[in-house]
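**Q**
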Amino acid sequence: MAMLAHHSQESWSQFLSYVEERCSSTEFENWLAPIKVLDATLEEITLEVPNIFVQEYLLDNYKRDLVAFLPTRLNGEPAIVFKIAEPKKTGAVIETIEPIVEHIDNSASQHECSLNANYLFSNFIEGPSNQFVKSAAVGVAARPGRSYNPLFIHGGVGLGKTHLLHAIGHEVRQNQKKLRVQAITTEGFINDLVDSLRNKSVDKMKRFYRSLDVLLVDDIQFLQSRKNFEDELCNTFEALINQNKQIVITSDKPPGQLSLSERMIARMEWGLVAHIGIPDLETRVAILQHKADLKGIRIPQKVAFFIAEHIFHNVRQLEGALNRLSAYSRLMGLDVTEEMAEKTLAELLQHVPQKRITVDSILKSVATIYDVRVSDLRGTSRTKEIVFPRQVAMYLAKEMINDSLTKLSSSFGGKTHSTLLHAWEKIGDQLKKDEMLKRNIQMARRNLEM
Ligand code: ADP
Ligand code: MG
349 MAMLAHHSQE SWSQFLSYVE ERCSSTEFEN WLAPIKVLDA TLEEITLEVP
399 NIFVQEYLLD NYKRDLVAFL PTRLNGEPAI VFKIAEPKKT GAVIETIEPI
449 VEHIDNSASQ HECSLNANYL FSNFIEGPSN QFVKSAAVGV AARPGRSYNP
499 LFIHGGVGLG KTHLLHAIGH EVRQNQKKLR VQAITTEGFI NDLVDSLRNK
549 SVDKMKRFYR SLDVLLVDDI QFLQSRKNFE DELCNTFEAL INQNKQIVIT
599 SDKPPGQLSL SERMIARMEW GLVAHIGIPD LETRVAILQH KADLKGIRIP
649 QKVAFFIAEH IFHNVRQLEG ALNRLSAYSR LMGLDVTEEM AEKTLAELLQ
699 HVPQKRITVD SILKSVATIY DVRVSDLRGT SRTKEIVFPR QVAMYLAKEM
749 INDSLTKLSS SFGGKTHSTL LHAWEKIGDQ LKKDEMLKRN IQMARRNLEM
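Heads up, the sequence shown is in the working numbering, so the first residue is 349 and it goes up one at a time.
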C-alpha cells in the first residue's frame with residue numbers, strides 16, 4: 349500500500365513537470381507550486397491548496413491532464429480531495445490570490461528551472477533516432493566547454509530534448525561539484541531580464557549569467573521575434589563561449605529555420621547541431637517498459653507493442669497512455685491486458701492520425717496543391733514548375749515520415765539522400781519568408797493528417 353501511495357505522489361510530480369513546460373514560470377510559481385500533496389492513496393490524492401481560486405484554476409485549466417496522470421473516479425473525474433490551507437497570517441490569502449510577481453528578491457535568477465530528478469542519462473532509452481544526440485550530450489557533460497560548444501539539440505515535441513538537457517546538468521553537478529550549472533527556459537531568461545530591467549539590476553543579472561560554467565537553455569524557439577531579448581542572450585552566449593564555458597540549447601527547429609538574427613544563428617551553428625528524431629517501434633516499446641518498471645507496473649509485451657504501434661510521434665503521449673492504463677488497472681484491481689489497453693486508450697488514440705503518412709500520399713497532396721502530376725514529381729524533369737513542388741514534397745516527407753533518408757529518397761524515383769536533404773534545407777529556409785509557401789505547406793499537412 350505504501351508503495352502504491354508513493355506512486356500517486358510521483359504521478360503528481362509528473363503532472364507538475366508536464367505542466368511546468370506548458371505554462372509561464374510566473375504562472376507556475378503562483379498557481380501550481382504552492383499546492384501540497386497531503387495524502388496519496390491508491391484511489392485518490394489529497395491536495396492542500398492556498399485558496400479556492402487555486403482549486404478552480406487547477407480544475408478549469410488542467411482537468412484533462414489531471415485525469416491522464418492521477419487516479420480517476422469511475423465517472424471519469426480526477427480523484428482529488430481538496431483541502432484549503434489555514435491562512436498563515438491575516439492578509440496571506442490576499443497575497444496568494446494576487447500573484448506575487450514583484451517580490452523584490454534580488455537573487456540574480458528568480459526563474460531558474462530546477463532539474464527534473466527523473467531526467468537522467470540512465471533513464472534515457474537509446475535507439476537509432478537519438479543515439480547520436482545522446483552521445484554528444486554525454487560528451488559535453490563529461491568535458492563541459494571542451495568538446496562541442498554550443499551543443500544545439502533540435503527535434504519535435506515530447507522527444508526528450510529537455511530530458512537530455514537536464515541529464516547534462518545532473519551529470520555535471522554530480523561529477524564536477526565546483527562548476528556552476530544553470531538551467532533556464534527561454535521564457536525564464538526573458539522574465540529574468542524583464543525583472544532586472546524593472547529593478548534596475550541588469551548589470552547584476554549579466555554578471556550572474558556570465559559567471560556560469562554551464563548554461564542550459566531550453567526551447568530557444570520562444571526567443572523568435574523578441575529582438576531585444578535576443579541581443580542580450582546572444583551577448584551572454586558570446587561572453588560564455590569566449591571563456592570556454594559550456595552552452596547547451598534545445599529548440600523545436602534547427603538554427604537555420606528559426607527567425608532569429610544571422611548573428612545568433614551563426615552562434616548557434618558554431619558548435620554541434622544534433623537532431624533528435626522519432627523513436628522507432630522497438631525503442632518506443634523499450635521506453636514504455638522502462639517507464640512501467642519505474643512505476644512498478646507490469647505491462648505484457650503484447651500490450652506494450654499495441655500502445656507503441658498506435659502512439660508514435662511523441663514519447664510524452666506514450667507516458668500519458670501508460671499513466672492512464674496504470675491508474676485504471678490499479679483502480680479496478682485488474683492486470684493490464686490488451687483489451688483493457690484498447691478500452692482505456694480509445695480516447696487518446698482518437699487524436700492520433702489513423703493512417704500512416706506515406707510518400708505516396710504526400711506526392712498526391714502536393715500534386716493537387718501545385719496542379720502537377722504525381723508522375724512528374726517522381727520523374728526527372730528539371731523545369732522549375734516541377735522541381736519546386738518536388739522539393740516541397742521532399743520537405744514534407746522528411747518532416748512527417750519517420751524513415752531513413754535513403755529510404756525516403758528512393759521513394760522519389762531514386763533520388764539521392766543529399767538531394768532530399770538539400771530540398772529540406774532549402775524549403776525550410778524559404779518557409780521563413782514566403783507566406784504563400786507556408787500556407788501551401790500547412791494545407792498539405794492538414795490534408796495528410798486528416
Ligand atoms: P521535449 O523537451 O523534447 O518536448 P521531454 O524531454 O520533455 O521532451 O520528454 C518528454 C517525456 O518523454 C519525458 O518524460 C521524457 O522522460 C520522456 N522521454 C523522451 N525520450 C525518452 C527516451 N529516449 N527515453 C526515456 N524517456 C524519454
Ligand atoms: Mg522540452
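We put the beta carbon where it would ideally sit given N, CA and C, even for glycine.
Please read all numbers here as calculations on a predicted model, not as lab measurements.
Below 8 Å between beta carbons: does that hold for Arg573 and Lys780?
**A** Taking the sequence shown and counting its residues from 1, one reaches residue 573 at position 225. Taking the sequence shown and counting its residues from 1, one reaches residue 780 at position 432. Checking the displayed sequence, the identity of residue 573 turns out to be Ser instead of Arg. Going by C-beta atoms, Ser573 is not nearer than 8 Å to Lys780.
**Q** Closer than 8 Å by C-beta to Gly727: which residues in its own chain qualify, once you throw out the five before and the five after it? Chain order, please.
**A** In the sequence shown, the residue the question calls residue 727 occupies position 379. Hits under 8 Å: Ile734, Gly761.
**Q** Taking only three categories from DSSP, how would you classify Ser495?
**A** Within the sequence shown, numbered from 1, the residue matching residue 495 stands at position 147. It is coil, neither helix nor strand.
**Q** In three-state terms, what does DSSP make of Phe472?
**A** Position 124 of the sequence shown, counted from the first residue, corresponds to residue 472. Phe472 falls in the coil class under three-state DSSP.
**Q** Do Ala675 and Val651 have their beta-carbon atoms positioned less than 8 Å apart in this structure?
**A** Along the sequence shown, one-based indexing puts residue 651 at 303. Along the sequence shown, one-based indexing puts residue 675 at 327. Contact: no.
**Q** Under 7 Å from any heavy atom of the ligand ADP, does the C-beta of Arg632 make it?
**A** Taking the sequence shown and counting its residues from 1, the one referred to as residue 632 is at position 284. Not under cutoff, so the answer is no.
**Q** Could you name the residues whose beta carbon sits closer than 5 Å to any heavy atom belonging to the ligand ADP, keeping them in chain order?
**A** After applying the 5 Å Cβ criterion, the set is Phe472, Ile473, Val505, Gly506, Leu507, Gly508, Lys509, Thr510, His511, Ile635, Val663, Arg664.
**Q** Taking Ile538 and Phe577 to be in contact with their CB atoms under 8 Å, please state how far apart those CB atoms are, rounded to whole angstroms.
**A** The count along the sequence shown starts at 1 and reaches residue 538 at position 190. The count along the sequence shown starts at 1 and reaches residue 577 at position 229. Yes, they are in contact, since the Cβ atoms of Ile538 and Phe577 sit about 5 Å apart, within 8 Å.
**Q** What residue from Arg738, Ser599, Asp551, Phe472 has the CA that sits closest to Val505's CA?
**A** For the purposes of this step, residue 505 is identified with residue 157 of the sequence shown, where counting begins at 1. It is Ser599 whose Cα lies nearest to the Cα of Val505.
**Q** Could you tell me if the beta carbon of Glu369 falls within a distance shorter than 7 Å of some heavy atom in the ligand MG?
**A** Position 21 of the sequence shown, counting from 1, holds the residue named residue 369. The answer is yes for Glu369.
**Q** How big is the Cα-Cα spacing for Glu630 and Phe480?
**A** Translated into positions along the sequence shown, residue 630 becomes position 282. Translated into positions along the sequence shown, residue 480 becomes position 132. When rounded, the distance between both Cα atoms is 17 Å.
**Q** Is the region 771–790 touching the region 738–745 in the sense that three or more CB pairs, one from each, lie closer than 8 Å?
**A** Yes, the region 738–745 is in contact with the region 771–790.
**Q** Rounded to the nearest angstrom, what separates Met616 and Pro603 at their Cα positions?
**A** On the sequence shown, residue 616 is found 268 positions in, with the first residue counted as 1. On the sequence shown, residue 603 is found 255 positions in, with the first residue counted as 1. About 6 Å.
**Q** Below 8 Å on the Cβ atoms is my guess for Leu636 versus Ile655; work out the distance and round it to an integer in Å.
**A** Indexing the sequence shown from 1 puts residue 636 at position 288. Indexing the sequence shown from 1 puts residue 655 at position 307. Indeed they touch by this definition, with Cβ atoms about 6 Å apart.
**Q** Using a threshold of 7 Å, is the CB atom of Asp413 nearer than that to any non-hydrogen atom of the ligand MG?
**A** The residue given as residue 413 occupies position 65 in the sequence shown. The answer is no for Asp413.
**Q** Any heavy atom of the ligand MG closer than 7 Å to the beta-carbon of Asp567?
**A** For the purposes of this step, residue 567 is identified with residue 219 of the sequence shown, where counting begins at 1. Checking the Cβ of Asp567 against the ligand MG gives yes.
**Q** Helix, strand or coil for Ser709, going by three-state DSSP, please let me know.
**A** To locate residue 709, count along the sequence shown from 1; it is residue 361. Here Ser709 sits in helix by DSSP.
**Q** In its own chain, which residues sit with a C-beta less than 6 Å from the C-beta of Asp561, not counting the 5 before and 5 after it?
**A** Reading the sequence shown from its first residue, position 213 is the one you call residue 561. Only Leu527, Arg528, Lys593 meet the Cβ criterion.
**Q** Which same chain residues end up closer than 6 Å to Ala433 when comparing Cβ atoms and leaving out the 5 residues on each side of it in sequence?
**A** Locating residue 433 in the sequence shown gives position 85, counting from the first residue. Hits under 6 Å: Glu396, Pro398.
**Q** Which residue spans inside the region 478–566 form an unbroken alpha helix (DSSP H) run of at least 4?
**A** Entirely contained in the region 478–566, the alpha helix (DSSP H) runs reaching 4 residues are, in chain order, 479–490, 509–523, 534–546, 550–558.
**Q** Kindly list the residues whose CB is nearer than 8 Å to the CB of Ile749, restricted to its own chain and excluding five residues on each side of it in sequence; keep chain order.
**A** As a first step, residue 749 must be located in the sequence shown, where it is residue number 401. Taken in chain order, the residues that qualify are Ile705, Thr706, Val707, Ile710, Leu756.
**Q** Compare the beta carbon distance of Ser495 and Gly487 with 8 Å and say whether it is the shorter of the two.
**A** Looking up residue 495 in the sequence shown gives position 147. Looking up residue 487 in the sequence shown gives position 139. Against a cut-off of 8 Å, the Cβ pair of Gly487 and Ser495 comes out as a contact.
**Q** Who are the Cβ neighbours of Leu666 in its own chain at under 8 Å, not counting the five residues just before and after it?
**A** Start at 1 with the first residue of the sequence shown, and residue 666 comes out as number 318. The answer, listed in chain order, is Arg632, Ile635, Leu636, Lys639, Ile655, Ala656, Ile659.
**Q** Which complete alpha helix (DSSP H) runs does the region 601–682 hold, if anything under 4 residues is left out?
**A** Complete alpha helix (DSSP H) runs here, min 4: 610–617, 629–643, 649–658, 663–680.
**Q** Just curious, the beta strand (DSSP E) that Leu390 is in, first and last residue?
**A** Against the sequence shown, residue 390 aligns to sequence position 42. Note, Leu390: premise wrong, no beta strand (DSSP E); not H, not E.
**Q** Do Ser359 and Asn590 have their CB atoms nearer than 8 Å?
**A** Reading the sequence shown from its first residue, position 11 is the one you call residue 359. Reading the sequence shown from its first residue, position 242 is the one you call residue 590. Cβ distance not < 8 Å, so Ser359 and Asn590 don't count as in contact.
**Q** Where do the ends of the beta strand (DSSP E) carrying Gln594 lie?
**A** Working through the sequence shown from its first residue, we reach residue 594 at position 246. It spans 594–599 - the beta strand (DSSP E) in which Gln594 sits, taken as one unbroken run.
**Q** Using a Cβ-Cβ cut-off of 7 Å (strictly less than) and excluding sequence neighbours within five positions of Gly439, which residues of its own chain qualify?
**A** Position 91 of the sequence shown, counted from the first residue, corresponds to residue 439. Only weak support is given to the placement of Gly439: the predicted model assigns it a pLDDT of 33, under 50, and the question is left unresolved by the model.
**Q** Please report how far the alpha carbon of His661 lies from the alpha carbon of Leu571, in whole angstroms.
**A** Translated into the one-based positions of the sequence shown, residue 661 becomes position 313. Translated into the one-based positions of the sequence shown, residue 571 becomes position 223. So the alpha carbons of these two residues sit roughly 25 Å apart.
**Q** Buried or exposed: Ser759, going by 16 or more other Cβ atoms within 10 Å of its Cβ?
**A** Taking the first residue of the sequence shown as 1, we reach residue 759 at position 411. Under this definition Ser759 is a buried residue.
**Q** Since Ile717 and Met784 are thought to touch, with beta carbons under 8 Å apart, how far apart are those beta carbons, to the nearest angstrom?
**A** The residue you call residue 717 lines up with position 369 of the sequence shown. The residue you call residue 784 lines up with position 436 of the sequence shown. About 11 Å; that fails the 8 Å criterion.
**Q** Compute the Euclidean distance between the alpha carbons of Ile442 and Tyr405, then round it to the nearest angstrom.
**A** In the sequence shown, residue 442 corresponds to position 94, counting from 1. In the sequence shown, residue 405 corresponds to position 57, counting from 1. Its pLDDT being 30, under 50, Ile442 is placed unreliably in this model, and the coordinates cannot settle the point.
**Q** For Ile432, which residues does DSSP report across the bridge?
**A** As a working note, residue 432 is residue 84 in the sequence shown. DSSP lists Val397 as partners of Ile432.
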